[in-house]
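Each residue of the sequence shown is one higher than the one before, starting from 4 at the first, in the working numbering.
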Amino acid sequence: MCEPLSFFESASGCTALALPFLERQIVAEWGALRGAMRRTVPTGFSRDEWAYLMAFLAPENLHAPFVEAFGQPVEGGRPSRLVRPRGVVAVWLPNNVSLLGPLTLILLTLTGNRILLKAGSRSDDLTGAFLAFAREHLPACPLRSHLEQYVHLEVFAHGDERQARMIEQADVRIVFGSGSAAAAVHGAAAPLRGTGFSFIDRQSQAWIEAGADTGEVLSHLIRVFAIYGQAGCTSPRRVVLLNGTRPQAEDLRSRMLELWPQVLRFQPPVHVASANTMALQWAAALGWDAAAAIHRHAVIAVGDLSLETIDAPMFLPICPATPEEAARQLPDNIQTLGHAFLDPADPRWLRLAAATPIKRLVPIARMHHFGPLWDGQRFWRQCFEEIEVQL
Numbered sequence: 004m005c006e007p008l009s010f011f012e013s014a015s016g017c018t019a020l021a022l023p024f025l026e027r028q029i030v031a032e033w034g035a036l037r038g039a040m041r042r043t044v045p046t047g048f049s050r051d052e053w054a055y056l057m058a059f060l061a062p063e064n065l066h067a068p069f070v071e072a073f074g075q076p077v078e079g080g081r082p083s084r085l086v087r088p089r090g091v092v093a094v095w096l097p098n099n100v101s102l103l104g105p106l107t108l109i110l111l112t113l114t115g116n117r118i119l120l121k122a123g124s125r126s127d128d129l130t131g132a133f134l135a136f137a138r139e140h141l142p143a144c145p146l147r148s149h150l151e152q153y154v155h156l157e158v159f160a161h162g163d164e165r166q167a168r169m170i171e172q173a174d175v176r177i178v179f180g181s182g183s184a185a186a187a188v189h190g191a192a193a194p195l196r197g198t199g200f201s202f203i204d205r206q207s208q209a210w211i212e213a214g215a216d217t218g219e220v221l222s223h224l225i226r227v228f229a230i231y232g233q234a235g236c237t238s239p240r241r242v243v244l245l246n247g248t249r250p251q252a253e254d255l256r257s258r259m260l261e262l263w264p265q266v267l268r269f270q271p272p273v274h275v276a277s278a279n280t281m282a283l284q285w286a287a288a289l290g291w292d293a294a295a296a297i298h299r300h301a302v303i304a305v306g307d308l309s310l311e312t313i314d315a316p317m318f319l320p321i322c323p324a325t326p327e328e329a330a331r332q333l334p335d336n337i338q339t340l341g342h343a344f345l346d347p348a349d350p351r352w353l354r355l356a357a358a359t360p361i362k363r364l365v366p367i368a369r370m371h372h373f374g375p376l377w378d379g380q381r382f383w384r385q386c387f388e389e390i391e392v393q394l
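Structure below.
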């Protein structure tokens, strides 16, 4: 009956947070798992993915959602609100970005809720692999107990009876995937029970201002694109060279091709290289100036915004344009703009962003960084319910 209390102070007052564990304790236990992660990379994870998960588990990163939602930690106080977990959070994970599962799992464990996860039926189950690793390598501690008792993951196809059970139990429903998948979940839920979030069908771009295309920026761009190619909602579908010329775009592409073997020191699978051979010819037929990265890792093409793009997983177009032209060409389902600006503090970028449907404006290196605010929705904060307190 007695839950540990953590206290936070913000401009709006003091908050008492009741969790099955102390906030600082669960954050420290996740951070300690990185020792075991440095020694082993489980099957299914690339080294880049595993390194990203390790960085994500840094205590300062996991502590940040609490500070953002509730304020700075304090020792006791006279709270004006009491916050507690809602109960059950059910998550439908996507098929195309498998690393999103472990990241979501980590964030949601911090809320103290029971977690039901439905893994993508057509993707590698990295969530299950990471959950098994954590259960095996964590010592006896509150986090391990929570993962063993309150986190449940299943893989099932559309129409399975387990879907209805997940929907019925959930106090919070989070759906990553298609619009039809979100409609099937939220449309079946009782209208007065629970909170629902839909993260569906998004795409992203990278905007680089002419003169800001340093070697470091281009190295980040290569890493960000190579993880998921065109498949990830946070991967750049297009690079726009702001206020640049065609020759400058060609030079940017040439430097990317030179950097590629230094940034990615491995050969792609045969089927990827083969698909890129076809993409190279397809792009040229549509008017793109296309070139293949070493070992046919990817196809990097230069052309105008008006050119038709191709449906190829590792095709990356580079287009010179003014900021106004680039903004007009943004699709309705744009999510992330990864940026490299000469002066990021210039307010014109905020004004431009405010006039577009984008959901995130972040440096290119952080395009894949997942957090408690996603697609403009504070889903993590909504995993708690708030009780008004007057003492």
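Backbone N, C-alpha and C define an ideal beta-carbon position, used for all residues, glycine too.
Exercise for the section: Tell me whether I390 is buried or exposed, calling it buried when 16 or more other Cβ atoms sit within 10 Å of its Cβ. Expected result: By the Cβ neighbour-count rule, I390 is exposed, with fewer than 16 other Cβ atoms within 10 Å of its own.
Practice task
Within its chain, find whatever has a CB closer than 8 Å to the CB of Q172; leave out the 5 residues flanking it on each side and keep chain order.
Solution key: The answer, listed in chain order, is V91, A93 and L119.
Practice task
State buried or exposed for R168, treating a residue as buried only when at least 16 other CB atoms are found within 10 Å of its CB.
Solution key: Per the 10 Å Cβ criterion, exposed.
Handout entry: Cβ-Cβ distance between I203 and M259 below 9 Å
Key = No, Cβ-Cβ distance for I203 and M259 is not below 9 Å.
Practice task
Kindly indicate which residue of R205, G290 and A282 has the alpha-carbon position closest to the one of D307.
Solution key: The option with the nearest alpha carbon to D307 is G290.
Handout entry: Outcome for L283 when other beta-carbon atoms lying within 10 angstroms are tallied against a minimum of 16
Key = Counting Cβ neighbours within 10 Å, L283 comes out buried, since at least 16 surround it.
Practice task
Measure the C-alpha to C-alpha separation of P334 and F136 and round it to an integer number of angstroms.
Solution key: Each residue's Cα considered, the two are about 39 Å apart.
Exercise for the section: Would you list the one or two residues that DSSP bridges to C322? Expected result: Bridge pairing for C322: V243 [DSSP].
Problem - Every unbroken beta strand (DSSP E) within the stretch 335-375, with a cutoff of 3 residues, ordered by chain - result: Counting whole runs of 3 or more residues, the stretch 335-375 contains the beta strand (DSSP E) stretches 337-343 and 363-366.
Practice task
Taking 8 Å as the threshold, find out whether the stretch 17-31 comes into contact with the stretch 43-56 through three or more Cβ pairs.
Solution key: Counting Cβ pairs under 8 Å, fewer than three are found: no touch.
Exercise for the section: Would you list the one or two residues that DSSP bridges to C17? Expected result: In the DSSP assignment, C17 forms a beta bridge with E12.
Exercise for the section: Leaving out five residues on either side along the sequence, give the residues of the same chain with a beta carbon under 7 Å from the beta carbon of A295. Expected result: Same-chain partners within the cutoff: N279, L283 and V302.
Problem - As assigned by DSSP and simplified to three states, the class of I118 - result: For I118, the secondary structure class from DSSP, reduced to helix, strand or coil, is strand.
Handout entry: Spatially closest choice to S101 from T130, L113 and T18, by CA coordinates
Key = Of T130, L113 and T18, the residue nearest in Cα terms is T130.
Problem - Cα-Cα separation, P326 to N246 - result: Spanning the two alpha carbons is a distance of roughly 7 Å.
Problem - Collapsed DSSP secondary structure at V158 in the structure displayed - result: The answer is strand: DSSP assigns V158 an E or B state.
Practice task
Tell me whether A282 sits in a helix, a strand or coil according to DSSP, three-state version.
Solution key: Helix at A282.
Practice task
May I have the straight-line CA-CA distance separating M4 from E32, to the nearest angstrom?
Solution key: For M4, the predicted structure reports a pLDDT of 44, less than 50, and the residue's modelled location is therefore unreliable. The matter cannot be settled from this model.
Practice task
Determine the DSSP secondary structure at W291, reduced to helix, strand or coil.
Solution key: Residue state, collapsed to three classes: coil.
Exercise for the section: Return yes when the Cβ of S181 is within less than 9 Å of the Cβ of H189, no when it is not. Expected result: No, the pair does not count as a contact, with Cβ atoms beyond the cut-off.
Practice task
In angstroms with no decimal places, state the Cα-to-Cα distance between L345 and I361.
Solution key: Near 20 Å, if we compare the C-alpha coordinates of I361 and L345.
Problem - Sub-9 Å separation of L113 and I29 beta-carbons - result: The answer is yes: Cβ separation under 9 Å.
Handout entry: Proximity to L262 [Cα-Cα], best of Q270, P366 and I297
Key = With distances taken between CA atoms, L262 lies nearest to I297 out of Q270, P366 and I297.
Handout entry: Identity of the residue in H223, A213, A329 and T237 nearest S207 by Cα
Key = Closest by alpha carbon: T237.
Exercise for the section: May I ask you to report which of helix, strand or coil DSSP gives R258? Expected result: The answer is helix: DSSP assigns R258 an H, G or I state.
Handout entry: Outcome for F11 when other beta-carbon atoms lying within 10 angstroms are tallied against a minimum of 16
Key = By the neighbour-count rule (16 or more Cβ atoms within 10 Å), F11 is buried.
Exercise for the section: Kindly give me the distance between the Cβ atoms of H140 and I367, rounded to whole angstroms, as I take these residues to be in contact under 8 Å. Expected result: About 33 Å; that fails the 8 Å criterion.
Handout entry: Range of the contiguous alpha helix (DSSP H) that encloses T112
Key = Segment L103 to T112, the alpha helix (DSSP H) holding T112.
Practice task
Within the same chain, show all residues whose beta-carbon is closer than 7 Å to that of L267, passing over the 5 residues directly before and after it, in chain order.
Solution key: Within the same chain, L267 has close Cβ partners I225, A229 and H300.
Exercise for the section: Would you mind stating whether A215 and A315 have Cβ atoms separated by less than 9 Å? Expected result: No.
Practice task
Within 10 angstroms of the Cβ of A14, are there 16 or more other Cβ atoms? Answer buried if so, exposed if not.
Solution key: A14 is exposed by the Cβ-count criterion.
Practice task
Report the three-state DSSP secondary structure of A301 (helix, strand or coil).
Solution key: It is coil, neither helix nor strand.
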